[in-house]
Structure formats: structure tokens, C-alpha cells
Amino acid sequence: MSKATTLLLFLFFTLFLTTSLSKDLCHKDDKNTLLKIKKSLSNPYNNIISWDPKEDCCTWFNVDCGDATVNHRVTSLHISYDQISAQIPPEVGDLPYLQTLIFRKLSNLTGPIQPTIAKLKYLRFLRLSWTNLTGPIPDFFSQLKNLQYIDLSYNDLSGSIPSSLALLPKLEYLELSRNKLTGPIPGYLGRFQEKPLTFSYHTTSSMVQYQSH
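Throughout the sequence shown, residue numbering follows mature numbering (1 follows the signal peptide of the UniProt record, and there is no 0), covering -22 to -1, 1 to 191 in sequence.
This is the structure we're talking about:
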């Protein structure tokens, strides 16, 4: 093989490798969804302003993607400690492989818990805490059969603790402290069979911490 041929092969391989490495891992549908979320939430002071549509969204701040077994779909979205004045965008329900969803320490995040969260069938970890979310704890949580962890503490949620939470077979942790919830603690909290349930619930007069066995 001549030196010229060897050089051409080397250049071709280098170009191929560079192109392969520069290819986005992020699924285009997830990127489009995240950009819609950015549009709903962004202001000059928050972290997601750094999300650049020219870059792989799997490298964006507060975003994690799964491996090749899930085609590098977005599996985690974590937004916290920001100057966001908005409600939870409905587009969060359009991240179908999401396993972790966190909105935390966002004092100007208002409105009810977003109903489209019910679409996230792989969701395991949900933390919506230290915000100003209002309304009841939704019954649609019962549709999220993979949920293991729910933290809704430090909000303005009202109403009673729904009995539908008993339909979550994998639930291990339920944190409801510092809301405006009323009514008794449901008896079903002692009947979780698969794993013990750690439960925390605060009213204006008392604080209850509980672990089922």
C-alpha cells in the first residue's frame, strides 16, 4: 500500500471518528421538548438559560440521559434554586422516559401539580418541594406504578391525603410536611407490603413521622 493511500485512509478514519463523536446522543424529540420547557421557564437569572440548541442536550445543565438501552432518552430533569416565575410546564409530560423529576427551592413556582406528569410511566423519583404549588394532591399519582419516592414538602397544598396513594405498589418514601393538608392520616399507610414506607406529615399542630413494617 502506497504512502498516499495510507494517508488518505488515515484522514478518512479521522474524519469518520470526529463526525461520530460529535453526533448528538440526545433524542431530537426530547431536545425539542426541553427547549419548550426552557421557553416557559427561562429568565436572565436561571441556569437553564445555558441550554444551547446547537449542543447535545444530554450535556445540558440539570439534564441526564440514559444509556443505549433506552436510546439515550432523557431520564432526569432537575431544576432548583432559581428565579423562575411560572407554573410547571405541561411539556414535562412529553419526556416519556423520565425517571427523576425535581422542581425544588423555587419560591415563585405556582399553580397546581401539573396533570401531564401522569404520562410519565417510568417515573420513580418525584420531588416538588419548597415551591408555592397549590391545590390538592392529585389522584393521578396512582397511575405512576413505578413511583418509589414522593416529596411534596414546603408547598401550599391543601385538602386531604388521597386514598389513591395506596395503589402505588413500589412507594417507599412519602414526604408531605409543611403544607395545608387536613384530615386524618390514612390507615392504608401501614399496609404497604412490598417494602416499608417512610412517611412524614406536618400540620399546624403536630408533626408525624412514620415507618411501616
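The beta carbon of each residue, even a glycine, is placed where N, CA and C say it ideally should be. A quick note: this is a predicted structure, and the numbers were derived from the prediction, not measured.
Assign T176 to one of three DSSP states: helix, strand, or coil.
strand
Just to confirm, is the Cβ distance from D8 to V52 under 7 Å?
yes
According to DSSP, is F39 part of a helix, a strand, or is it coil?
coil
Candidates T112, P93, L73, D42, of which the one nearest N10 by Cα:
L73
With a threshold of 6 Å on Cβ separation, who are the neighbours of G161 within its own chain once the five nearest residues in sequence on each side are excluded?
S138
Beta-carbon spacing of T78, S54 below 7 Å:
yes
Does the distance from the CB of L87 to the CB of I62 come in under 7 Å?
Yes, the Cβ-Cβ distance between L87 and I62 is below 7 Å.
Hey, out of I66, T94, L143, V70, whose CA is closest to S107's CA?
Distance check between S107 and each of I66, T94, L143, V70 places I66 closest, using alpha-carbon atoms only.
Straight-line CA distance for S178 to L104?
15 Å
Neighbourhood of L122 by C-beta distance below 6 Å, restricted to the same chain and skipping five residues each side:
L101
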